[in-house]
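Asks: Protein sequences appear in the order of chains A and B.
Residue 119 in the working numbering sits at position 44 of the first sequence, with consecutive numbering throughout.
Residue 428 in the working numbering sits at position 67 of the second sequence, with consecutive numbering throughout.
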Amino acid sequence: MHSFRVFLTIVKHLFRARFEYPGSFISGIIAQWISYGISMVMLFLMIWNFGSLAGWMPFEIIFMYAVWLLSYALGASFTFNLCLSFPQIAINGTLDEAYTRPIPPFLYLLATTYNTGYISHVILTIIALAVSIIQLGISWTALQWLWLLLIIVCGSVINACMMLICDMPAIRTRSESPTGIFFWQVREFTQYPITIYPRAILFVFTAILPFGFVSFYPIQVLLGKADGIMPQLTMWLSPVVAVLLVGVTMLCWKYLSREYESAGT
Amino acid sequence: MLQIELSNVIKDYKIRDRQDGRSGFSEFLRPLYKSQRAVDDISFTIQKGEMVGYIGPNGAGKSTTIKLLTGILTPTSGTVQVFDCDPCKNRINNSLKMGVVFGQRSQMIWDLPVRDTFDMFRVMYRIKPQDFSRQRDMLIDMLDMSDFLKQAVRQLSLGQRMRANLALCFLHQPQVVYLDEPTIGLDVLVKDKIRDFLKKINKEQNTTILLTTHDTQDIEEVAQRLMLIDKGKLLFDGGQTDFHDKYKDTEYILEVVFVQPTSPIVHTNFRLQSHKGHKHSYKIPYAQMSKGDAISYVASRYSVADIRVRESSLEDILKKMYER
């Protein structure tokens, strides 16, 4: 509980520090809106022309894209800057500082490197979510709304953990991570229903790089869809995947930080 | 009360072994490593309230020792005990009771005023509101910080930033404070302020302070006890006067300026070094004649305009030791 309070305090001050430069803060937000807004409109127009994509209607795709992007933004706001700093973290004393603070070092790193810029993605995707939900004429039960909330949380955790796992080897290589590509480039494929890909790729996004669980699988529950390939149970597995990934991330961190303690600077 | 105990601590780093004659290709395919000893079989204890100066040339192992004490690094062998615990296994408890400043590394939020970082530390170190405002006001007063408290950290001078960093590290009233070169790059006035502050807070709050420095004046003014480390080995551990007695030259130099030209003094203990008109200089062994005796001997027999004793300073001694 104490660590959580410290975390919130640090993030609060980071936002205040960001507000010191209002021009840069606001122009950053607008730039992201334009960039992702155009992507969304293009995606919508394309599907609208085709009629549907793998059985998904245009606003269903927008809904899925919004959940996909929101989960990324929330997850990456915690991990983006940290991942950028991994190559330097053992050299420039960042880790030393984290080890001398009265909260778990990893949590301290997550807090002090929080990226306030993702607020722009969050605002944009919430608007897109609202528009698509209205357009789809959805009437959900309270439990379904709760499920939406849960899958956004789980999706954020999956994104954050995958980014950390893929980029963490940079602590050792002290340069780019050799596995970084699996997060940054490969993830892009999962903004569409992954059933449009061959079975082998579907398998990869389910069992190896589980980005399918960010939006595609769990959304089927909400939109009453069935992909007809995977067992029905798959669409309920996002929380399990998220918990498993947290475990893997912690193991990776344990392994790499042990190396640091014995190797020094 | 015993606070810090190191017994037979060894710390090895793994470093690249780049041998002559190996091609870049084989370095790439099969890099070789060797281990380098940074701390070599060090043992010492520190009691509550002590002020210890930890000195040694660059690369001697000072910072490594501090990293072992703060729980950042684990020793290769031997045991480190701080507050009767292994600092690596009890990081959070250890960090609540200690403060640390690493040279010029800042721990403040760059774009916000210092007082915001104070607030962040209040939450982080679970400081009670009444303790917080008392300690904060005291530190601001002692370090003379009130005029730059509302300025963004990025606009502060190095001296102001250093003072703010020190204040932060004492904010939660730590029992032990480690300072790794706290006066590096600062002007004489700020250095003085910091030394006075350290002496005062050590006296008032009985804080144990271990500081590394290359500034011998820091040591002379602040540290009662001195530890000298070189190539990872602890060469000396004891009081400052003991250090002088052990390592200073066996002779001192007496410089005399006579009122009129005088022929050299003839005395078995006085060894003439130079004489130019009024000004003479002699070497005298400590063991044969004390400084007082020498001065009164000269003053009682001659008319003297000026008289001065020169003996090896801490800096001279260190220079000689480092050169060995």
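Beta carbons: idealized from backbone N, C-alpha and C, even for Gly.
Everything numeric in this text was worked out from a predicted model, so none of it was measured.
Look up B:M650 in the DSSP assignment and say whether it is helix, strand or coil.
Replies: On the second sequence, position 289 is the one that residue 650 of chain B refers to. Three-state DSSP puts B:M650 in coil, outside helix and strand.
Asks: Got a sec: is the Cβ-Cβ distance from B:S456 to anything in chain A below 7 Å?
Replies: Here residue 456 of chain B corresponds to residue number 95 of the second sequence, with the count starting at 1. Output row for B:S456: interface = yes.
Asks: Name the chain A residues whose beta carbon is nearer than 7 Å to that of B:M481?
Replies: Stepping through the second sequence from its first residue, residue 481 of chain B is reached at position 120. By Cβ distance, chain A contributes T84, I85, H88.
Asks: For A:P177, go through chain B and note every residue whose CB falls closer than 7 Å to its CB, in chain order.
Replies: For the purposes of this step, residue 177 of chain A is taken as the residue at position 102 of the first sequence. In chain order: I453, S456, L457, M485, Y486.
Asks: Can you give the Cα-Cα distance for A:W123 and A:V316, rounded to whole angstroms?
Replies: One-based indexing of the first sequence puts residue 123 of chain A at position 48. One-based indexing of the first sequence puts residue 316 of chain A at position 241. Each residue's Cα considered, the two are about 33 Å apart.
Asks: What does the alpha-carbon distance come out to for the pair A:I227 and A:Y193?
Replies: As a first step, residue 227 of chain A must be located in the first sequence, where it is residue number 152. As a first step, residue 193 of chain A must be located in the first sequence, where it is residue number 118. Rounded to the nearest angstrom, the two C-alpha atoms are 15 Å apart.
Asks: Let me know the secondary structure DSSP gives B:L643 once reduced to three states.
Replies: In the second sequence, residue 643 of chain B corresponds to position 282, counting from 1. Here residue 643 of chain B is Tyr; the residue named in the question, Leu, does not match the sequence. Looking at B:Y643 - three-state DSSP - the assignment turns out to be strand.
Asks: Going by C-alpha to C-alpha distance, which of A:M121, A:L326, A:L128, A:A148 sits closest to A:P244?
Replies: Taking the first residue of the first sequence as 1, we reach residue 244 of chain A at position 169. With distances taken between Cα atoms, A:P244 lies closest to A:L326.
Asks: What residues from chain B crowd round A:Y330, counting only those whose CB sits closer than 9 Å?
Replies: Mapped onto the first sequence, residue 330 of chain A falls at position 255. Chain B residues near A:Y330: none, gap ~15 Å exceeds 9 Å.
Asks: Taking Cβ-Cβ distances shorter than 7 Å, what residues in chain B pair up with A:G168?
Replies: Residue mapping note: residue 168 of chain A aligns to position 93 of the first sequence, counting from 1. Under the 7 Å cutoff, chain B gives F463, R466.
Asks: When the cut-off is 7 Å and only beta carbons count, does A:R249 lie next to chain B?
Replies: Looking up residue 249 of chain A in the first sequence gives position 174. Output row for A:R249: interface = no.
Asks: Kindly indicate which three-state DSSP category B:L572 falls into: helix, strand or coil?
Replies: Residue mapping note: residue 572 of chain B aligns to position 211 of the second sequence, counting from 1. Of the three classes helix, strand and coil, the one that applies to B:L572 here is strand, per DSSP.
Asks: Quick one: Cα of A:T84 to Cα of B:V443, how far?
Replies: Counting from one through the first sequence, the residue named residue 84 of chain A turns up at place 9. Counting from one through the second sequence, the residue named residue 443 of chain B turns up at place 82. Each residue's alpha carbon lies about 29 Å from the other.
Asks: Could I get the ranges of all uninterrupted beta strand (DSSP E) runs contained in the segment 129 to 167 of chain A, with 3 residues as the minimum, in chain order?
Replies: none
Asks: Output the distance between the C-alpha atoms of A:G339 and B:L434, rounded to the nearest integer angstrom.
Replies: Locating residue 339 of chain A in the first sequence gives position 264, counting from the first residue. Locating residue 434 of chain B in the second sequence gives position 73, counting from the first residue. Per-residue confidence for A:G339 stands at a pLDDT of 44, beneath the threshold of 50, marking its modelled position as unreliable; no derived number is given.
Asks: Where B:A421 and A:T248 are concerned, what is the direct C-alpha to C-alpha distance, given to the nearest angstrom?
Replies: The count along the second sequence starts at 1 and reaches residue 421 of chain B at position 60. The count along the first sequence starts at 1 and reaches residue 248 of chain A at position 173. Near 27 Å, if we compare the C-alpha coordinates of A:T248 and B:A421.
Asks: Determine the extent of the alpha helix (DSSP H) in which B:D502 is found, giving its start and end residues.
Replies: By 1-based counting over the second sequence, the position of residue 502 of chain B is 141. Counting along the chain, the alpha helix (DSSP H) containing B:D502 begins and ends at 490 to 503.
Asks: Should the segment 448 to 459 of chain B be called in touch with the segment 172 to 189 of chain A, which here means at least 3 C-beta pairs below 8 Å?
Replies: yes
Asks: Verify the CB distance criterion: does B:I626 have a CB-CB separation below 7 Å to chain A?
Replies: Counted from its first residue, the second sequence places residue 626 of chain B at position 265. So, not an interface residue.
Asks: Once DSSP output is grouped into helix, strand and coil, what is the label at B:Q634?
Replies: Working through the second sequence from its first residue, we reach residue 634 of chain B at position 273. Three-state result, B:Q634: strand.
Asks: If A:A92 sits next to B:L473, beta carbons under 8 Å apart, how far is it from one beta carbon to the other, in whole angstroms?
Replies: For the purposes of this step, residue 92 of chain A is taken as residue 17 along the first sequence, with counting starting at 1. For the purposes of this step, residue 473 of chain B is taken as residue 112 along the second sequence, with counting starting at 1. With a Cβ gap of about 5 Å, A:A92 and B:L473 count as contacting.
Asks: Name the chain A residues that come within less than 8 Å of B:G432, Cβ to Cβ?
Replies: Within the second sequence, residue 432 of chain B is the residue found at index 71, counting from 1. Neighbours of B:G432 in chain A, taken as residues at a C-beta separation under 8 Å, are given in chain order as Y174, T175.
Asks: Output needed in chain order: residues of the segment 487 to 503 of chain B with a Cβ under 7 Å from some Cβ in chain D.
Replies: Absent from the structure: chain D. Protein chains present are A and B.
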